[in-house]
Each structure stands twice: as C-alpha cells, then as structure tokens.
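Report on the following structure.
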Amino acid sequence: MTELFQFFSILLAALGLAALGWLALGVLLLPGTCPARMVVDAKGDGGGLEQTVKAMLWLRSTGLWWGEVVIEDCGLDQRGQAVARALARRSGVRLSGDDLDCV
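Heads up, the sequence shown is in this note's numbering, so the first residue is 2 and it goes up one at a time.
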C-alpha cells in the first residue's frame, strides 16, 4: 500500500511540475504590450455577432489576447443595430459605421 501511495505522490508531483513549466512557457510566449484590434464585419440582422464578440471578450479575459473589439456596420438592419449597440455598451467594444472595407 505504501508503494502505491508513493507512486501516486510522485506522479502527482511530476504532473504539477509539468503544469508549472507549461504555465511559465506560456507567459514567455504571450505578446508584450502591443494590443491588437479585432474588427468584425456585421451585416443584416447580426446573426452570430453576439457569439463572435463574446468569444473575443473571453480571449481577452483569459489574458490570451489584449486589444479592442470593433464592430463594423456593413449594412446592419434595425435588429442588427440593436444587437451591435447592446454589445458596444461593454468595455472594450466599439461600434463603427464607416462602411470602408466591408467585404
């Protein structure tokens, strides 16, 4: 029984050290203070817009990405504009309506 306990203790310690090494490597590979801007081209009723913005905000909350989310109005209807305005109330989400580079 003691040998089994020692085995699992050593295994747990090795996995803990591997996890700490993985976290340390991740910190080294993260970008510095160069924030990026993600632009979402929104059209029509804004289908999928909320999920896309929430995914980008999740990336920012985990620390994997720093930057600003911009919702580009590329022909949103009234319903889509309401969704975009509601999302723009969150911090770090900006609504833009230039219609410059809409695909």
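Ideal Cβ positions, reconstructed from N, Cα and C, are used throughout, including at glycine.
Our contact map puts residue i next to residue j with C-beta atoms below 8 Å; I'd like the distance itself, whole angstroms only.
i   : j   : result
A43 : A85 : 6 Å
V40 : V71 : 5 Å
D74 : S97 : 7 Å
Looking at residue i: is its Cβ nearer than 8 Å to the Cβ of residue j?
i   : j   : result
A37 : W66 : yes
G49 : R80 : no
E69 : R95 : yes
G45 : G76 : yes
R61 : G93 : yes
According to DSSP, is residue i part of a helix, a strand, or is it coil?
i    : result
L31  : coil
E81  : It should be noted that the sequence gives Gly, not Glu, for residue 81. Three-state result, G81: helix.
D100 : Since pLDDT at D100 reaches only 49, below the 50 mark, its modelled position is unreliable, and the value read off the structure follows with that caveat. Three-state result, D100: coil.
M57  : helix
G17  : helix
R95  : strand
R38  : strand
G1   : Only positions 2 to 104 of the chain appear in the structure, and residue 1 is not among them; the question remains open.
G22  : helix
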